[in-house]
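Written out below as C-alpha cells is the structure these notes cover.
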Amino acid sequence: MKQHNKKTVSSYFNLNKTQSELEFLDVRLDTDVRLYIDPAAFIALDNNWGQKCTKIIKDYFQKVINYIKQGNKKKASDLLSGLREPNEIHLGNSLGPSNGKGVGDDRAKKLYDALSESKAVSSGLLEDLEDTAFMIDGIGPDMISDIIANIIRKELIEFTQKMCKKYDIPKYEVNSGPILNLEQECWENIKVELPGPESPNGRYEKLILIPKDIVCRTPSYEARKFNNDNIIPLIVEKEFEKGFGRLLNGSLKPYTKRTIKDRQKGRSIKSINRDFIKENPEVLLEYKKHRHSFSRMSDEEIFKIIDELPAV
Numbered sequence: 051m052k053q054h055n056k057k058t059v060s061s062y063f064n065l066n067k068t069q070s071e072l073e074f075l076d077v078r079l080d081t082d083v084r085l086y087i088d089p090a091a092f093i094a095l096d097n098n099w100g101q102k103c104t105k106i107i108k109d110y111f112q113k114v115i116n117y118i119k120q121g122n123k124k125k126a127s128d129l130l131s132g133l134r135e136p137n138e139i140h141l142g143n144s145l146g147p148s149n150g151k152g153v154g155d156d157r158a159k160k161l162y163d164a165l166s167e168s169k170a171v172s173s174g175l176l177e178d179l180e181d182t183a184f185m186i187d188g189i190g191p192d193m194i195s196d197i198i199a200n201i202i203r204k205e206l207i208e209f210t211q212k213m214c215k216k217y218d219i220p221k222y223e224v225n226s227g228p229i230l231n232l233e234q235e236c237w238e239n240i241k242v243e244l245p246g247p248e249s250p251n252g253r254y255e256k257l258i259l260i261p262k263d264i265v266c267r268t269p270s271y272e273a274r275k276f277n278n279d280n281i282i283p284l285i286v287e288k289e290f291e292k293g294f295g296r297l298l299n300g301s302l303k304p305y306t307k308r309t310i311k312d313r314q315k316g317r318s319i320k321s322i323n324r325d326f327i328k329e330n331p332e333v334l335l336e337y338k339k340h341r342h343s344f345s346r347m348s349d350e351e352i353f354k355i356i357d358e359l360p361a362v
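Counting in our numbering, the sequence shown runs from 51 upward without gaps.
Given below as C-alpha cells:
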C-alpha cells in the first residue's frame with residue numbers, strides 16, 4: 051500500500067507507515083475525513099475496550115432519556131452540556147480546517163428540545179443513541195459520531211497515548227476537553243498529554259487518534275437506509291399477503307418497493323420510521339439483533355477516501 055503524500059498523521063510525524071500498518075486512522079490534519087464512528091462497531095469488536103465503550107454510551111444515553119422523561123431539565127441539560135465540537139478527531143463533513151458541528155452551547159439546548167418534544171422519547175421507543183437518527187429530525191450520522199467521540203473522549207485519549215508510546219509520537223500538555231464523569235453526572239477538564247501539529251502561530255493543535263476499526267463510510271443508523279432496508283420490505287411483505295394495492299390514482303397493482311415509496315411521498319422519512327416502529331416495534335428489535343454484523347472498512351478503502359480529499 052502507498053503512503054499519503056498529503057498532510058496526514060503519518061507524514062507529519064515521519065512514521066514511515068502505511069494505513070495497513072497502523073491501528074489508528076491516518077487522518078488528514080488540514081481537513082476532516084468523511085467517515086463516522088458507528089456504535090455497532092464497538093459491539094463487533096468483541097473485546098473489553100469495545101464492551102466498555104458500549105456500556106458507557108448506553109448508560110449515558112439512558113440517563114439523559116430518563117431525566118427528560120422525569121421532566122428534570124437541569125440534570126438532562128447538564129449531561130448534554132459537555133458535547134462540544136470534537137475537532138481534534140478530524141472526522142466529519144467539513145472541508146478545510148476542522149470545524150465540526152458538535153452539539154455544545156445552543157446545540158445542546160436544541161438537542162434537549164428535540165428529545166423532550168419527541169413522541170419517540172415519551173412513548174419509550176428510544177433505547178439507544180443511534181435510534182435518534184432514525185426518528186428525530188436534526189440528528190444524523192455526523193452528530194451521532196460527534197456525540198460518541200465526546201462520550202468516550204477519555205477512552206480515546208488513552209488509546210492515543212498508547213499509540214504515541216508505540217510509534218514514538220511526541221506529546222504536549224493540553225486541556226483534555228470535557229471528559230464525562232458518569233458516576234458524578236458531570237463533565238471535567240483535566241491536563242493530559244496529547245500529540246498535535248504546530249499551527250502557524252506556534253501553538254500546538256490538539257490531536258486525538260481514532261481506532262480504524264470503529265469507523266464507517268455509510269453508518270448503519272442512517273434514517274433512509276433504515277427505512278429502505280427494514281421498513282419498506284416488511285410493508286411489502288404484509289401488503290403482498292393482502293393481494294393488490296390501490297395507488298393514488300385509483301388503479302390496482304401488486305405492491306412493490308416503488309409502490310410503497312410513492313405512498314410515502316410528502317412525509318419525512320423520520321416521521322414514517324417513528325410511526326411504523328411504534329406500531330411494529332419488532333422491526334427495531336430485529337434490526338438490533340444484527341447490529342453486531344458491522345463490517346470493518348478495509349485499509350485500502352480508508353486510504354482511498356483520505357487520499358482523494360482535495361488539497362487545502
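Idealized CB from N, CA, C, for every residue including glycine.
DSSP places residue 64 in the coil class of the three-state scheme, outside both helix and strand. For residue 241, the uninterrupted beta strand (DSSP E) run begins and ends at 241-244, by DSSP. If you check the CB distance, residue 202 and residue 179 do not come in under 8 angstroms.
Taking 8 angstroms as the cut-off, the Cβ atoms of residue 261 and residue 88 do not count as close. Collapsing the DSSP output to three states places residue 184 in a helix. Residue 69 is classed as buried because its beta carbon has at least 16 other beta carbons within 10 Å across all chains shown.
For residue 230, DSSP records a beta bridge to 237. Following the DSSP letters along the chain, one finds residue 333 inside the alpha helix (DSSP H) bounded by residues 332-339. Annotation for residue 114: the continuous alpha helix (DSSP H) segment containing it runs 98-120. Under a 10 Å Cβ-count criterion, residue 135 is classified as buried, with 16 or more other Cβ atoms of the shown protein chains found around its own Cβ.
Contact annotation: residue 125 and residue 117 have beta-carbon atoms nearer than 8 angstroms. In this chain, residue 200 is not harboured by any beta strand (DSSP E); it is covered by the alpha helix (DSSP H) spanning 191-201. DSSP places residue 308 in the helix class (H, G or I) of the three-state scheme. Here residue 95 is not near residue 349, since their CB atoms are 8 angstroms or more apart. Within a 10 Å sphere around the beta-carbon of residue 138 sit 16 or more other beta-carbons, which makes this residue buried. Residue 220 sits in coil when the DSSP states are folded into three classes, being neither helix nor strand. The beta-carbon separation of residue 245 and residue 232, rounded to 26 angstroms, does not stay under the 8 angstroms limit for a contact. Separation of residue 167 and residue 267 (C-alpha to C-alpha, rounded to the nearest whole angstrom) is 30 angstroms. Residue 225 is classed as exposed because its beta carbon has fewer than 16 other beta carbons within 10 Å across all chains shown. Contact annotation: residue 162 and residue 141 have beta-carbon atoms that are not nearer than 8 angstroms. Counting every other CB atom within 10 Å of its CB across the protein chains shown gives residue 331 a total below 16, marking it as exposed. Each residue's CA atom was taken as its position, placing residue 173 and residue 99 some 32 angstroms apart. Residue 189 counts as buried, since at least 16 other C-beta atoms from the protein chains shown sit within 10 angstroms of its C-beta.
Burial is judged here by how many other beta carbons sit within 10 angstroms of a residue's own beta carbon; residue 191 has at least 16 and is buried. It is roughly 10 angstroms from the alpha-carbon of residue 310 to the alpha-carbon of residue 284. Taking the Cα positions, residue 109 is about 15 angstroms away from residue 199. Boundaries cannot be given for residue 348, as no alpha helix (DSSP H) includes it and DSSP labels it neither H nor E. Around the C-beta of residue 322, 16 or more other C-beta atoms lie within 10 Å, and the residue is accordingly described as buried. Just so you know, the alpha carbons of residue 281 and residue 119 end up roughly 27 angstroms apart. Counting only the Cα atoms, residue 205 lies some 14 angstroms from residue 238. A direct Cα-to-Cα measurement between residue 177 and residue 60 gives close to 39 angstroms. Residue pairing of residue 261 in beta bridges, as defined by DSSP: 74. About 17 angstroms separates the beta carbon of residue 57 from that of residue 84, a gap too long to meet the 8 angstroms contact definition.
DSSP, read as helix, strand or coil, puts residue 271 in coil.
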